[in-house]
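Chains as they are written, first to last, in our numbering: chain A, -5 to 395; chain B, 1285 to 1449.
Backbone N, C-alpha and C fix where the C-beta goes; we use that ideal spot for every residue, glycine too.
Only a predicted model underlies this, so the values are computations on that prediction, with no experimental measurement involved.
A quick write-up on the structure given underneath.
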Amino acid sequence: MAHLTPTPVLEPGQDRTMILNMGPQHPSTHGVLRVLLEIDGETVVRIMPDIGFLHTGIEKTCEAKFYQQVVPLTDRIDYLCPMTNNLCYVLAVEKLLGLEIPAKAQWMRVLMNELTRMNSHLVWLGTHALDIGAMTVFLYCFREREEILKIFEMISGQRMMTSYFRVGGIALEPPLGFFERVREFSGRFPSKVDEYENLLTGNPIWMMRTKGVARMTAEDAISLGASGPTLRGSGVDFDLRRDMPYSGYENFKFEVPVSQEGDVFARYMCRVRELRESNKIVRQALDGMPEGPIKADAPGIVLPDREKMKTQMEALIYHFKIITEGFAVPAGEVYQAVESPRGEMGYYIVSDGTAKPYRVHMRAACLANLQTLPKMCEGGLIADVVAAIGSIDIVLGEIDR
Amino acid sequence: MKLAAAITDLEQLKGHPAVARLLAWNPSAVVGVKFDRDEMSISVDGSNIREACALLRDDAKCDFTFLSDITCVDWYPAEPRFEVVYHLLSIAKKERVRLKVRLDSASPTVESLTALWPGANYFEREVFDLFGIRFTGHPYLRRLLMPEDWEGHPLRKDYPVEGYR
């Protein structure tokens, strides 16, 4: 929130440009992004994003909580992909602890993560198309998203703020009928993606609005710290799931969609193809789901089962101790990154050996991706700013934290 | 799984390409090294951070072309108090390295990396905003998340969690 008093950069005697304020209530800014535009007629001369309207100090709050109490906070950073944030945080803490996670928990995490990616991409596709003027796609996307949210509700009791992962595993066994429901959904999902593509990919209006618009080269994308589809849309073939696998992603076969053009259409194609690839991973996870425990065998860290607490004194004691005093984590520091729907989501956690993290820092993919906006928009038209903002898929909760 | 002990002996770690490159350039720039939980950390003298990053970015053996993150840790009341942490990523080699710089509380100032990576801009502004670290050579060092007229730097350890009332 730096630009409370914007000063236009005008050369003396040259008053061709004016300052236009867009947001933070503008519907195409996906929340509370404010953008200051310096325009010359319809042409954008300079663009300055202004952020911080959603800053809640989550990093500071984390320092005052036990390790297990941070998990629900991570949901609220990027509210469109809660499970990705949960995963990144618990992986980082597990790395600090040196915990080994059972195979079933890992596969469940992959399954839920890919459903989350589909959920996030569906919201992106719907709102992005809505911004550019295609209303129908929004309704279609939210139809499928609703089913994913119902699946989330079934497994965790919550539609959005799931908090389903725990340090050492996952919270609950999936309920009866869960896998059948996911299988049924993933069976019909590819035909739904065909439906969206029929509406957009070959549509002349869509192509005119997106092809050749808001271009960015691969060198610019790397030097500006862009990641995820924003990076792959510019032709850089890098995906953390494949290249630096975590949580058992090395067991899955999938393509990493890359486009070379670096425009809005390229990023659109990357994400739409990712929808199909995510669905493939979901199918593989369903087919190969291993049997076994869902929590690591670490009594002082993982909460005991309810049933055991009724019969075993040790379980009751461990439960009481974890809830009241947390669990100590050996001193050290880790940086764990995962491929979130928006790019490289990273957690840097420093432990001083106590039950509360000394420092938790979230590397927000959107914050870095937002920096590409001037590169994309300067010299273009005002109307293309909306397309560019949509194409980098920002979530202000993650940017502002 | 038992945690392996952290390796902090420079002799054992000088085979790492990033450590080797920095030692070949200027042995006094490397203050300390740590290999812990499969992650490499190199502590660098504060005045050398920009050159060190440029070397690691441009050297073909290191190839750390991507700046993942910049953040800071406040070790209050210890001195030097602040530790600015840089995470570099090599897209080609699929490797990460962490560089660290310690700064004292009297003048927490370090050179900006915006000349090397324009993407350092927001990260450094965030660290300035929340910790009060000054980055020399930054093109626009103003608050990023907090309001412009805010007093204090909220992520410092001597700043209360519930804020000043």
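Endpoints, the beta strand (DSSP E) within which residue i is located
i: phenylalanine 1350 of chain B; result: 1350 to 1358
i: proline 43 of chain A; result: 37 to 44
i: leucine 30 of chain A; result: 28 to 34
i: glycine 340 of chain A; result: 337 to 345
i: lysine 1318 of chain B; result: 1314 to 1320
i: glutamate 333 of chain A; result: 326 to 334
i: methionine 16 of chain A; result: 12 to 16
Continuous alpha helix (DSSP H) stretch holding residue i: start and end
i: glutamine 100 of chain A; result: 97 to 126
i: asparagine 363 of chain A; result: 359 to 364
i: glycine 384 of chain A; result: 376 to 385
i: lysine 54 of chain A; result: 52 to 56
i: phenylalanine 183 of chain A; result: 172 to 194
i: threonine 1292 of chain B; result: Run containing threonine 1292 of chain B: none; DSSP gives neither H nor E here.
i: arginine 226 of chain A; result: 223 to 226
i: arginine 203 of chain A; result: 198 to 204
Minimum C-alpha distance to residue i - residue among the options
i: glutamate 1295 of chain B; options: B:Asp1413, B:Ala1288, B:Leu1307; result: B:Leu1307
i: valine 1315 of chain B; options: B:Ala1304, B:Val1328, B:Val1303; result: B:Val1328
i: arginine 111 of chain A; options: A:Gly127, A:Arg160, A:Asp44, A:Leu74; result: A:Leu74
i: proline 223 of chain A; options: A:Cys360, A:Lys59, A:Met12, A:Lys54; result: A:Cys360
i: valine 64 of chain A; options: A:Gly25, A:Glu372, A:Tyr352; result: A:Tyr352
i: aspartate 233 of chain A; options: B:Asp1388, B:Met1430, B:Glu1408, B:Glu1379; result: B:Glu1379
i: tryptophan 118 of chain A; options: A:Ala220, A:Leu269, A:Arg40; result: A:Leu269
i: glutamate 32 of chain A; options: A:Ile41, A:Val26, A:Ser345; result: A:Ile41
i: glycine 25 of chain A; options: A:Asp72, A:Val39, A:Met12; result: A:Asp72
i: threonine 1349 of chain B; options: A:Gly219, A:Met12, A:Gly206; result: A:Gly219
i: lysine 1384 of chain B; options: B:Pro1301, B:Arg1334, B:Cys1346, B:Lys1345; result: B:Arg1334
i: aspartate 125 of chain A; options: A:Lys59, A:Asp257, A:His20; result: A:His20
i: glutamate 327 of chain A; options: A:Glu308, A:Gly162, A:Tyr158, A:Ala86; result: A:Ala86
i: aspartate 1343 of chain B; options: B:Trp1309, B:Leu1287, B:Leu1425; result: B:Trp1309
i: proline 173 of chain A; options: A:Val276, A:Gln254, A:Arg203; result: The sequence shown places phenylalanine at residue 173 of chain A, rather than the proline named in the question. The candidate whose alpha carbon is nearest that of phenylalanine 173 of chain A is A:Val276.
i: isoleucine 386 of chain A; options: A:Gly51, A:Lys54, A:Gly227; result: A:Gly227
i: threonine 11 of chain A; options: A:Gly384, A:Gln254, A:Gly373, A:Gly229; result: A:Gly373
Helix, strand or coil at residue i according to DSSP, with G and I counted as helix
i: leucine 4 of chain A; result: Reliability fails at leucine 4 of chain A, whose pLDDT of 45 lies under 50, so the model's placement of it is uncertain and no value is given.
i: tyrosine 73 of chain A; result: coil
i: histidine -3 of chain A; result: Only weak support is given to the placement of histidine -3 of chain A: the predicted model assigns it a pLDDT of 47, under 50, and the question is left unresolved by the model.
i: histidine 313 of chain A; result: helix
i: glutamate 1367 of chain B; result: strand
i: tyrosine 352 of chain A; result: coil
i: serine 1327 of chain B; result: strand
i: glycine 163 of chain A; result: strand
i: arginine 1440 of chain B; result: coil
i: leucine 143 of chain A; result: helix
i: leucine 48 of chain A; result: coil
i: leucine 1372 of chain B; result: strand
i: arginine 153 of chain A; result: coil
i: leucine 390 of chain A; result: helix
i: aspartate 231 of chain A; result: coil
i: asparagine 1310 of chain B; result: coil
i: histidine 1300 of chain B; result: coil
i: arginine 214 of chain A; result: In the sequence under discussion, the amino acid at residue 214 of chain A is aspartate, which differs from the arginine named in the question. In the structure shown, aspartate 214 of chain A sits in a helix (DSSP, three-state: H, G or I).
i: proline 1242 of chain B; result: Any property of residue 1242 of chain B remains undetermined from this structure, which presents chain B solely from 1285 to 1449.
i: proline 168 of chain A; result: coil
i: glutamine 19 of chain A; result: coil
i: glycine 1447 of chain B; result: coil
i: alanine 1344 of chain B; result: coil
i: leucine 367 of chain A; result: helix
i: arginine 1334 of chain B; result: helix
i: phenylalanine 321 of chain A; result: coil
i: alanine 86 of chain A; result: helix
Exercise. In chain order, which continuous runs of the beta strand (DSSP E) of length 3 or greater are located wholly inside the stretch 1374 to 1436 of chain B?
Worked result: 1379 to 1387, 1393 to 1395, 1418 to 1420
Problem set entry | Cβ pair count under 8 Å reaching 3, the stretch 130 to 137 of chain A against the stretch 178 to 192 of chain A | Between the stretch 130 to 137 of chain A and the stretch 178 to 192 of chain A there are three or more inter-stretch CB-CB distances shorter than 8 Å, so the stretches are counted as touching.
Problem set entry | Three or more C-beta pairs below 8 Å linking the stretch 174 to 186 of chain A and the stretch 341 to 349 of chain A | no
For this session: Just list the alpha helix (DSSP H) runs in the stretch 233 to 307 of chain A, keeping only unbroken ones of 4 residues or longer that don't cross its boundaries, in chain order.
Result: Listed in chain order, the alpha helix (DSSP H) runs fully inside the stretch 233 to 307 of chain A are 234 to 237, 258 to 281, 300 to 305, counting runs of at least 4 residues.
Exercise. Given 8 Å as the limit, is there contact between the stretch 1352 to 1369 of chain B and the stretch 1411 to 1419 of chain B, that is, 3 or more CB pairs closer than that?
Worked result: yes
Exercise. Quick one: any contact between the stretch 199 to 219 of chain A and the stretch 276 to 286 of chain A, if contact means 3 or more CB pairs under 8 Å?
Worked result: no
For this session: Inspect the CB distances between the stretch 1373 to 1385 of chain B and the stretch 364 to 381 of chain A and report whether three or more fall short of 8 Å.
Result: no
Exercise. Taking a cut of 8 Å between CB atoms, which residues from the stretch 355 to 367 of chain A lie near chain C?
Worked result: Considering every chain present, this structure includes no chain C. Its protein chains are A and B.
Problem set entry | At least 3 beta-carbon pairs within less than 8 Å: the stretch 166 to 175 of chain A vs the stretch 149 to 156 of chain A | yes
Exercise. For the stretch 1390 to 1400 of chain B against the stretch 1418 to 1427 of chain B, are there 3 or more C-beta pairs whose distance is under 8 Å?
Worked result: yes
Exercise. Three or more C-beta pairs closer than 8 Å, one from the stretch 313 to 333 of chain A and one from the stretch 1315 to 1324 of chain B: is that the case here?
Worked result: yes
Problem set entry | the stretch 295 to 303 of chain A / the stretch 258 to 266 of chain A touching (three or more Cβ pairs under 8 Å) | no
Exercise. Is the stretch 204 to 211 of chain A in contact with the stretch 231 to 245 of chain A, if contact means three or more CB pairs nearer than 8 Å?
Worked result: no
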